[in-house]
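Worksheet: the structure to be examined is printed underneath.
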Amino acid sequence: MTSIKTALTVILKAGDVVVAEKEDAALWQQVLAAINNGGQLSSSTVLPELSPQGPPNPNGGGLTANGGDTNSPMLAKFAAEIGVAIEQLQAACDPVLSEPYIHLDVHKWEAMKKLLPVRGRGALSNIVVAATVLALWFRTAQLGNATQALAQGVLANIGASDANPSRGIQSASWLQTRAGGTVLLNPAEITKAKKLLQCFVTGDWTAWKVE
4 MTSIKTALTV
14 ILKAGDVVVA
24 EKEDAALWQQ
34 VLAAINNGGQ
44 LSSSTVLPEL
54 SPQGPPNPNG
64 GGLTANGGDT
74 NSPMLAKFAA
84 EIGVAIEQLQ
94 AACDPVLSEP
104 YIHLDVHKWE
114 AMKKLLPVRG
124 RGALSNIVVA
134 ATVLALWFRT
144 AQLGNATQAL
154 AQGVLANIGA
164 SDANPSRGIQ
174 SASWLQTRAG
184 GTVLLNPAEI
194 TKAKKLLQCF
204 VTGDWTAWKV
214 E
């Protein structure tokens with residue numbers, strides 16, 4: 004009788020996304036033993052390097068403000084949803100999986116402020132921009148719901164703030180607020196949210212001005 008050997012592969016996932024994987028029978032046995040032991044690895048366990056397949060671990064991993072993994076399936080999905088190149092998206096807002104989640108590019112921010120009106124049609128408050136980018140990233144990365152507090156954190160990283168966050172978000176038809184400062188995307192107007200981020204990433208606000 005022919006003996007058939009089955010490859011034993013350890014797969015690391017973040018939600019439904021494969022982060023890394025390794026075909027290693029010894030590692031497979033160690034992980035199985037750890038699971039059966041309440042999640043504790045033996046002190047003698049030596050973990051080999053895993054092959055990266057997707058987004059980083061919850062601490063930020065390969066997607067960093069200094070340039071991360073442009074081959075990440077999650078980042079590629081986000082860029083495709085917005086309609087921009089992965090490199091453009093990463094340079095403009097560098098999405099990561101831990102706080103502050105978004106790192107807005109200061110030069111893009113300053114250019115936006117110079118091009119858009121302070122009030123009236125086409126104007127965007129600080130909190131609306133930060134909350135929109137956060138909400139879009141949270142939706143793609145399945146991170147739950149964005150909040151006003153997190154959006155203020157994004158602004159603080161570029162030396163900005165918003166004195167009336169609730170009023171600003173209420174003025175944006177593509178955003179919705181809930182108890183506790185939660186910020187959600189309006190399902191009927193997600194296109195506008197994506198347009199905002201697309202304009203920010205590309206630096207071309209021509210299409211936004213006419214809306």
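Just so we're aligned, residue 4 is where the sequence shown starts under the numbering used here, counting upward by one. C-beta atoms are modelled at their ideal positions from N, C-alpha and C, and glycine is treated no differently.
- Under DSSP, Ile130 shares a beta bridge with no residue.
- Leu35 counts as exposed, since fewer than 16 other C-beta atoms from the protein chains shown sit within 10 angstroms of its C-beta.
- The Cβ-Cβ distance between Leu188 and Gln179 falls below 9 Å.
- Where Leu100 is concerned, there is no enclosing alpha helix (DSSP H), because DSSP gives it neither an H nor an E.
- In the DSSP assignment, Leu178 forms a beta bridge with Leu188.
- The beta carbon of Arg142 sits closer than 7 Å to the beta carbons of Leu188 from its chain, once the five residues preceding and following it are set aside; these are given in chain order.
- A direct Cα-to-Cα measurement between Leu30 and Ala37 gives close to 10 Å.
- Secondary-structure assignment with DSSP links Ala149 through a beta bridge to Val186.
- Just measuring C-alpha positions, the residue of Thr135, Gln93, Asn160 sitting nearest Pro103 is Asn160.
- Contact between the region 103–114 and the region 156–172 is present: 3 or more CB-CB pairs across the two stretches fall below 8 Å.
- The alpha-carbon of Trp211 is positioned some 17 Å away from that of Leu139.
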